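Residue numbers (full-length UniProt numbering): 1 to 491. All C-beta atoms in this analysis are idealised placements derived from N, C-alpha and C, irrespective of residue type, glycine included. In this text, all values refer to a predicted model and were calculated from it rather than measured experimentally. What follows is a single structure, written as structure tokens, with notes after it.
Below is the structure:
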């Protein structure tokens, strides 16, 4: 594997492959989510399938169902066969889902296609994100893994533009064409994963240290027996111990306080992502705009495109800020901004519904401000945080747990948020602001700051981590790699 001709032989080339993997697969994933939001605004799509509130929710929720099913197997296969084979397999599954969805003749066929899509994306979200995290040089790891889910928005932007361009087609191709286009970023993902080596940390767990050394030498731009490589290999061998054939690690995770804490951290993160308000401004943006008084289909799609560009810009900025500001301060600051935005949004919407001449664009402006706060932290932290808080042995299981939490809560939100928005009207936004307020102390007391921590030291970090406090000054200073983003950019 390590000597294969297809694998880049320089740090720069391999880092580029990791970056492109972190761009293309999330782009395909993000394309799907905003494609569905845009399709829900197309009369031709709604008429063809006879869309009601129930079938609209089913079409959206079926993706989550597939992702939940994927979690039941992805950890085993990623730890048994490797991150790279799982990534390739996930893309083949997604391809099948795209074919069924694009050719759908009825709701049942469309839903089956989306369940298969969810299965493939669920496997890929775990395997590709872990592969990227374990192949990226540590000076770039935070930025590149932060960009992983940021590129979800790049896919969303492409989907918004494609759907806007196809909306006037007077046939079923107005919704089939956007589905077919989804295969383009997926094909690019396959190409870059094909040129990627297997994770060296996985190879160490499998007892293939020499192969791992060759890849680590490329990743860290050193020799196979250099100090950095030796440190990673020895810690990996110590971690794996005599359990290289043990692939089901859930019992070990649940048996320790640090393991349970990390599961709780990722559950809280999932809850923020699904119930903190982002779904309201993405999946149900059309409903929000309708409540604000914007009912024209073209206007809704135009707002969707502009808001996606806005979110993408702030997400990229956030990806480059974690090593300067830290995960916890950014999360708490964003939560305060989100809840204030929702309070103002609710007040503006109430004023409009009471018959005032207040422009609906005031509500739209607050939606953009909410998206700024959310996108700055919670978009890039999505698949940055979930791999980095676990040691190699538990990383695939930990990210799978995060994917399961996210999928279950996403499924729940799909069937509850639209109903709550319709029935509660402007009061819904006040309630959502209150929910965001609850998340603030949970993040402060439960989360652990991982700024500047090496992947191979994260286990010791959580063993010594107190509850509460910012920063990680409690950890032994010599075990912390102080990441200097500007210096790294110049090197």
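Open item on the list: Beta-carbon within less than 6 Å of residue 242's beta-carbon, same chain only, minus the 5 sequence neighbours each way: which residues are those?
Closed with: Only weak support exists for where residue 242 lies, its pLDDT of 49 falling under 50; the value from the coordinates is given anyway. Cβ within range, chain order: n/a, list empty.
For the 8 Å Cβ check, are there 3 or more pairs between the segment 142-162 and the segment 113-122?
-> The answer is no - the segment 113-122 does not touch the segment 142-162, with fewer than three Cβ pairs under 8 Å.
Straight-line gap, residue 339 to residue 206 (C-alpha atoms, nearest Å):
46 Å
Quiz item: Does DSSP put residue 437 in a helix, in a strand, or in coil?
Solution: helix
Exercise. In chain order, what residues of the same chain lie with their CB nearer than 6 Å to the CB of residue 183, ignoring the 5 residues before and after it?
Worked result: 98
> Whose C-beta lies closer than 8 Å to the C-beta of residue 397 among residues of the same chain, with five residues either side of it excluded?
Replying inline: 75, 79, 249, 250, 253 and 390
Query - Residues near residue 437 in its chain [Cβ-Cβ closer than 7 Å; skip 5 each side] - result: 339
Determine whether the beta carbon atoms of residue 90 and residue 124 lie at a separation below 7 Å. yes
Practice item. Using alpha carbons as the reference points, say which of 60, 47, 335 and 158 lies closest to residue 170. Key: 47
Can you tell me whether DSSP reads residue 123 as helix, strand or coil? helix
Would you mind giving the Cβ-Cβ distance between residue 185 and residue 35, rounded to the nearest angstrom? I have them listed as a contact below 8 Å.
Not really, about 12 Å apart at Cβ, beyond 8 Å.
Item to check | CA nearest to the CA of residue 310, picked from 368, 180, 468 and 30 | outcome: 368
Endpoints, alpha helix (DSSP H) assigned at residue 31
Note, residue 31: alpha helix (DSSP H), 11-39.
Q) With 16 as the cutoff for other CB atoms within 10 Å, does residue 40 come out buried or exposed? A) buried
**Asked** On the three-state DSSP scale, how would you describe residue 469?
**Response** coil
key: Nearest candidate by alpha-carbon position, reference residue 341, set 276, 381 and 298   = 276
In angstroms with no decimal places, state the Cα-to-Cα distance between residue 383 and residue 26. 10 Å
Distance, residue 104 Cα to residue 406 Cα:
Their backbone Cα atoms lie some 27 Å apart in a straight line.
Would you identify the three-state DSSP class for residue 170, choosing helix, strand or coil?
coil
For residue 331 and residue 172, I'd like the C-alpha separation in whole angstroms. Distance between the alpha carbons of residue 331 and residue 172 is about 42 Å.
(request) Less than 8 Å between the CB atoms is what I'm expecting for residue 329 and residue 219, so what's the real figure, rounded? (result) Their Cβ separation, rounded to whole angstroms, is 29 Å, which puts residue 329 and residue 219 out of contact at 8 Å.
* Asked: DSSP three-state call for residue 432: helix, strand or coil?
  -> helix
Quiz item: Hey, would you say residue 414 sits closer than 7 Å to residue 15, going by beta carbons?
Solution: no
| message | With the cut-off set at 7 Å, would you say residue 127 and residue 86 are in Cβ contact? | response | yes
Inset, instruction - Buried or exposed for residue 64, please, with buried defined as at least 16 other CB atoms from any protein chain shown within 10 angstroms of its CB. - result: buried
Exposed or buried, which one is residue 194 when buried takes at least 16 other CB atoms within 10 Å?
-> It is exposed - the Cβ of residue 194 has fewer than 16 other Cβ atoms within 10 Å.
Helix, strand or coil: how does DSSP classify residue 101 here?
Under the three-state reduction of DSSP, residue 101 is assigned to helix.
Note to self: If you measure between the beta carbons of residue 58 and residue 274, is that distance less than 7 Å?
What the structure shows: No; because the gap between Cβ atoms is not below 7 Å, this pair is not in contact.
Nearest to residue 71 (by Cα), restricted to the options 464, 399, 102 and 441
399
For residue 44, which residues from the same chain have a beta carbon less than 6 Å from its beta carbon, with the 5 sequence-adjacent residues on both sides left out? 174
*asked:* Counting C-beta neighbours from all protein chains within 10 Å, is the total for residue 223 16 or more, i.e. buried, or is it exposed?
replied: exposed
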